[in-house]
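S.K.: In short: position in the sequence shown from 1, add 70, done, that's the numbering used here.
The structure follows.
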Amino acid sequence: MKKQLTVLFALALFSFSNFTSCQQAPVIDEAEVTRIISTLAADDMEGRRTFTPGIDKAAKFIAGEFQKTGLEYLDGLNSYQQKFNMYSLTPESASVTINGKTIAEEDILASVSAQSFELKDVTNAQVFTIPAGTDFQATFNEARRAEGKRVVLVDPSHKNLFTRYKGFFTRANRVMELDAANGMVMAITKATSLKSVDIKVTNTMEENALGNVAAKITGNRTNEIVVFSGHYDHLGIRGVEGDTIYNGANDDASGTTAVLTLAKYFKDMGTKPERTIIFVAFTAEEMGGFGSRYFSQQLNPDEIVAMFNIEMIGKPAVSGPNTAWITGFDKSDFGTLLQKAVEGTEYEFYADPYPTQNLFYRSDNATLARLGVPAHTISTTPIDVDPDYHKSSDEVSTLDMAHMTNTIKAISSAAERIISGTDTPTRVDPAGLN
């Protein structure tokens with residue numbers, strides 16, 4: 071009997087070993103890539119514009135893909151939705167009296183982050199002056215970057231430029247937090263100093279809900295995180311004639327597709343990764359990067375060892391097939407590590423060939439890079455000549471699915487050494503960023 075049990079146990083071990091050896095390694099499949107991007111960029115998503123039913127439908131689809139893959143929620147959440155609010159502030163009225171003289175409303179420019187803003191005490195104000203013959207824009211930028219309640223005295227000689235700026239600031243100002251202690255008020259006046267002040271600004275406020283879609287695979291090192299990201303919003307419906315749906319297939323359903331595909335790839339590995347992996351589809355990139363800004367506030371940036379932000383990978387790069395470029399190549403050694411990771415393969419990574427486009431600062435990676443994270447965008451599209459960028463012609467039919475699939479494969483290969491803890495990119499120096 072004992073001998074029989076021993077034989078049965080040996081057979082069981084053989085069967086299990088044979089089963090596991092026959093298991094297929096995770097794959098990145100072109101048919102799956104095509105299915106996902108075709109869903110995200112379909113007409114029924116209505117261009118995925120923020121605050122529309124289309125983007126809500128896209129968010130539900132992304133969450134469903136995460137659920138099918140079997141990913142975890144982020145800490146503190148009970149769904150894949152990372153929800154937050156944003157406030158839209160539209161100027162309603164402004165009254166300004168400086169040194170006892172009332173300023174005409176047309177000569178007032180107010181930029182405040184609250185429904186109402188008041189200033190009656192000179193000692194509470196930071197004062198900036200723009201005299202005749204000086205650089206209006208330089209002082210404006212300095213005042214705008216400052217903190218607290220700011221008053222800018224503008225010489226009448228700058229009236230034309232002031233009026234142009236005022237036109238821009240009459241639009242709705244979107245903020246993530248209300249702050250009545252901060253605000254900038256500019257006034258056309260001959261005064262060169264502030265002896266007394268009486269300011270009251272009122273905005274019409276609208277509160278809107280937003281949401282990233284995020285998930286994770288917890289690794290052995292819970293305080294070392296690798297992020298894969300792309301933005302799932304686009305421009306929505308514009309115009310009334312012809313093709314009015316801006317589907318955003320390349321921008322950035324392609325990046326979101328990569329995030330979903332990589333999530334399944336690393337989950338299908340079947341083993342716990344060394345470092346924790348977060349997959350996130352950002353909202354509101356097209357209107358100022360609000361999704362990545364909120365996301366960055368929910369994590370300790372010192373724990374994020376790398377961020378693979380993926381944007382517009384649906385078209386082959388100018389350097390040929392199986393190549394992709396990385397923004398901010400000189401900001402850390404992230405790109406160099408990726409180059410080394412794919413040495414001897416068919417894939418190649420290289421520095422952003424469009425430095426004058428400032429692409430490092432034009433996607434969601436910039437928010438985390440400013441916090442020191444080695445956060446870079448990977449792309450392939452020849453952005454300087456792309457005929458479909460921010461056009462209704464950005465359709466799936468214009469993309470190269472084989473190229474896109476190979477790019478996702480390249481990213482998965484390049485990321486493995488960072489996920490395993492073998493490689494760790496150097497930190498970005500925020501002081502060196504714009």
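Every residue gets a Cβ at the ideal spot worked out from N, C-alpha and C, and that includes glycine.
Return the chain-ordered ranges of every alpha helix (DSSP H) run that is complete within the region 234-300 and spans a minimum of 4 residues.
M.R.: Secondary structure within the region 234-300: not one fully enclosed alpha helix (DSSP H) run of 4 or more consecutive residues is present.
S.K.: Count the other CB atoms, across all protein chains shown, that sit within 10 Å of the CB of D249; report buried if there are 16 or more and exposed otherwise.
M.R.: exposed
S.K.: Could you give the distance in angstroms between the alpha-carbon of A436 and the alpha-carbon of D403?
M.R.: So the two alpha carbons sit approximately 16 Å from each other.
S.K.: Cα-Cα, which of A387, P226, G237, M254 is closest to G203?
M.R.: P226
S.K.: Under 8 Å Cβ to Cβ from T251, same chain only, skipping five residues before and after it: list those, please.
M.R.: One detail in the question is off: residue 251 reads as Ala in this sequence, not Thr. Contacts found: G218, K219.
S.K.: In the DSSP output, what is N379 paired with across the bridge?
M.R.: S299, T447
S.K.: Counting C-beta neighbours from all protein chains within 10 Å, is the total for Q151 16 or more, i.e. buried, or is it exposed?
M.R.: buried
S.K.: Kindly list the residues whose CB is nearer than 6 Å to the CB of A323, restricted to its own chain and excluding five residues on each side of it in sequence; keep chain order.
M.R.: I107, L110, A111
S.K.: Less than 7 Å separating the beta-carbons of G340 and D434?
M.R.: Contact flag unset, no.
S.K.: Would you tell me roughly how many angstroms separate the C-alpha atoms of I448 and A216, rounded to the nearest one?
M.R.: 33 Å
S.K.: Quick check: the Cα distance between G289 and L223, rounded to an integer number of angstroms?
M.R.: 55 Å
S.K.: Shortest alpha-carbon distance to A184 belongs to which of R234, R214, N243, E176?
M.R.: N243
S.K.: Name, in chain order, the residues that DSSP records as bridge partners for S389.
M.R.: According to DSSP, which records beta bridges pairwise, S389 is partnered with nothing at all.
S.K.: Can you have a look at G318 and say buried or exposed, based on whether 16 or more other CB atoms are within 10 angstroms of its CB?
M.R.: buried
S.K.: Closest to L503 by CA distance: which of E486, V103, A445 is it?
M.R.: A445
S.K.: Among A485, D454, L469, T104, whose alpha-carbon lies nearest the alpha-carbon of Y417?
M.R.: A485
S.K.: If the criterion is Cβ atoms closer than 7 Å, does the pair F238 and L179 meet it?
M.R.: no
S.K.: Would you mind reading off the limits of the alpha helix (DSSP H) that contains R105?
M.R.: 100-110 is the extent of the alpha helix (DSSP H) around R105.
S.K.: For K385, which residues of its own chain have a beta-carbon under 8 Å away from its beta-carbon, when the five flanking residues on both sides are left out?
M.R.: N320, T450, T451, P452, D456, T468, L469, D470, H473
S.K.: Could you pull the start and end residues of the alpha helix (DSSP H) that R214 belongs to?
M.R.: 206-215
S.K.: If you drop the 5 nearest sequence neighbours on each side, which residues of the same chain put their C-beta closer than 6 Å to that of L408?
M.R.: F419, A484
S.K.: Distance check for L141 and G124, CA to CA, integer angstroms please.
M.R.: 24 Å
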